[in-house]
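Asker: Using the working numbering, you'd call the opening residue of the sequence shown number 154 and step up by one each time.
Even glycine gets a Cβ: it sits at the ideal position worked out from N, Cα and C.
Can you read through this structure? Questions will come right after.
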Amino acid sequence: MRFYKTIYLTGFCLIVNYSFGQVDTSFQRFNLGLAEYLNRVSTNNLGYIAEKFNLSISDAGVEKAKVFQDFSLSLDYTQSKEDGSNSGYSISSELGKTINLAGKRRARIDLALSENQLAKALVEDYFRNLQAEAAILYMEALKQNQLLRVKIDSYQTIKKLSDADSIRFSIGNIMEIDAAQSKVEAGILLNELQQAEAEWRNALNQIALMVGNEYCDSILFPTGSLKNTLRAFVLSDLITSAVNNRTDLQVAMKNKEVSQRLLRLTRKERRMDIDLKLGLENSYLPAGGSPAATGITAGIAIPLKLSNLNRGEIKIAQYQIEQADILYKQAELQVKHEVIQAYNLYIAYCKQVDSFDNGLLKNARNVKRGKIYSYERGETSLLEVLNAQRTYNEIQVAYHEALFNRAAALVELEKAAGIWDISL
């Protein structure tokens, strides 16, 4: 579902009661789910649109390969002179055609068809990489939004504490240095908040770029949660899926086919062609202009393929086949290792998230609250409160980084395995 809202304050305006500035008020916000976002990428991304032109170019190449050899027509005029006077002239015409033998045209068509299949595989592989890149940018925007919320919460907490300290100082409950320190900390957090807002805006801008959004007065706002990226996989199944489904392996396979078709065409091009000719010649005398003679000629020309003694072209094509075969084996091996590495990273990031969910984040939050409560009762120092707040901030940032890393690792794992079922 798409939600359209006019928002009058964005980003930094979430804390307008605590900040000292304002931002633009004319942006429109469009909530955008991951599925709809990826669909927009597939239809509106300019790089992908340009890449798909290779399919049309390849289709045109197939049509070009189907062309037959043209006929040739020659016309000649000859004038004869004897003792300075015109003794007659002749007009001749000749129609010729080169006949390709040994199935050269069929071989050219087969090569063009293989190149067409290669172009399709390349476009599919381009989209595989584009889809993964787009998903990670979407997740990056979600992460930056959460980090902005962390900065907002932190600033609100210290700003509230600073305001309370000003009152406590005015009635003589604390020293001036403590009140000044809390104001300094609030200013530092405000600067960090402004930086977080800029990074959040830039992340949203990357999403707009991915979907080819030309409207600079709107914000595409990602929805969903990075917490929904926990999956269970069997490594052997992932490797099998990768070998069967990876588009870059399909590209390597099509390269082998193209090399084989190129060798076949090279061999056929070395076979001789024949030129067939059919001509008509009329000779005219000067007086009366009536034909003196009419002749019909027919002929055949057979080239002497002495150049076939040089087997350089054949060797090149054969080496290209061997090279393509080795490259395919290398690509297959690379795919298997990419799956293993992506799987290991995903498992590691899952464990990191688990460590936060198993009490680390909750304990840090409780410590912070306890220190603030004790400070308000005069039982602890401001320094301990600030240290607890910083520790809690660092753990929150690390937690959201871990969630993002797990989500990005899931994208890379499914990309490596040639599957896709990402949802948030």
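Quick check on the DSSP output: what are the complete alpha helix (DSSP H) runs of length 4 or more inside the region 406-487, in order along the chain?
Answerer: Listed in chain order, there is nothing to give.
Asker: Using 8 Å as the threshold, is the region 218-238 in touch with the region 316-323, meaning 3 or more CB pairs across them?
Answerer: Verdict: no, contact absent.
Asker: Suppose you measure from the CA of Ser307 to the CA of Arg399; what does that come to, to the nearest Å?
Answerer: Distance between the alpha carbons of Ser307 and Arg399 is about 45 Å.
Asker: The alpha helix (DSSP H) that contains Arg384, what's its start and end?
Answerer: Counting along the chain, Arg384 falls outside any alpha helix (DSSP H), and DSSP gives it neither H nor E.
Asker: Do the CB positions of Asp428 and Thr196 come within less than 8 Å of each other?
Answerer: Not a contact, by the Cβ cut-off of 8 Å.
Asker: Expressed to the nearest angstrom, what Euclidean distance is found between the alpha-carbon atoms of Asn546 and Phe374?
Answerer: Distance between the alpha carbons of Asn546 and Phe374: 24 Å.
Asker: Sort out for me which residues DSSP pairs Ser243 with in a bridge.
Answerer: In DSSP, Ser243 forms a bridge with Thr231 and Ser436.
Asker: Spell out the partners DSSP gives Gly249 in its beta bridges.
Answerer: For Gly249, which the question treats as bridged, DSSP gives the partners Ser225 and Lys430.
Asker: Give a yes or no on whether the C-beta atoms belonging to Leu271 and Val387 are separated by under 8 Å.
Answerer: No.
Asker: Would you mind sorting Thr578 into buried or exposed? The rule is 16 or more other CB atoms within 10 Å of its CB.
Answerer: One cannot answer for residue 578 here, as it falls past the ends of the chain, which runs 154 to 577.
Asker: Grab the span of the alpha helix (DSSP H) containing Thr393 for me, first residue to last.
Answerer: Start and end: Leu388 to Asn398.
Asker: In whole angstroms, what separates the C-alpha of Ser243 from that of Gly256?
Answerer: If I take the Cα positions, the gap works out to 40 Å.
Asker: Between which two residues does the alpha helix (DSSP H) holding Val538 run?
Answerer: Looking at the DSSP string, the run of the alpha helix (DSSP H) that includes Val538 is Leu535 to Ala570.
Asker: At which residues does the alpha helix (DSSP H) containing Gly325 begin and terminate?
Answerer: Counting along the chain, Gly325 falls outside any alpha helix (DSSP H), and DSSP gives it neither H nor E.
Asker: Can you say whether His553 is buried or exposed, counting buried as having 16 or more other CB atoms within 10 angstroms of its CB?
Answerer: Its Cβ being crowded by 16 or more others within 10 Å, His553 is buried.
Asker: Restricting to Cα atoms, I'd like to know which of Tyr502, Leu431 and Arg530 is closest to Leu226.
Answerer: The residue with the shortest Cα to Cα distance from Leu226 is Leu431.
Asker: Roughly how many whole angstroms lie between the Cα atoms of Gln175 and Glu350?
Answerer: Confidence in Gln175 is poor, its pLDDT being 36 and thus under 50, which makes the residue's placement unreliable; the coordinate value appears in the next sentence. Straight-line Cα distance between these residues: approximately 12 Å.
Asker: So is Arg559 buried or exposed if we call it buried at 16+ other beta carbons inside 10 Å?
Answerer: Arg559 should be labelled buried.
Asker: Does the region 465-483 come within contact of the region 526-540, defined as at least 3 CB pairs closer than 8 Å?
Answerer: The answer is no - the region 526-540 does not touch the region 465-483, with fewer than three Cβ pairs under 8 Å.
Asker: To which residues of the same chain is Gly186 closer than 6 Å at the C-beta, ignoring the five residues directly before and after it?
Answerer: The answer, listed in chain order, is Thr376.
Asker: With a cut-off of 8 Å, do at least 3 Cβ pairs link the region 486-495 to the region 411-425?
Answerer: The region 486-495, when compared against the region 411-425, does not touch it at the 8 Å Cβ threshold.
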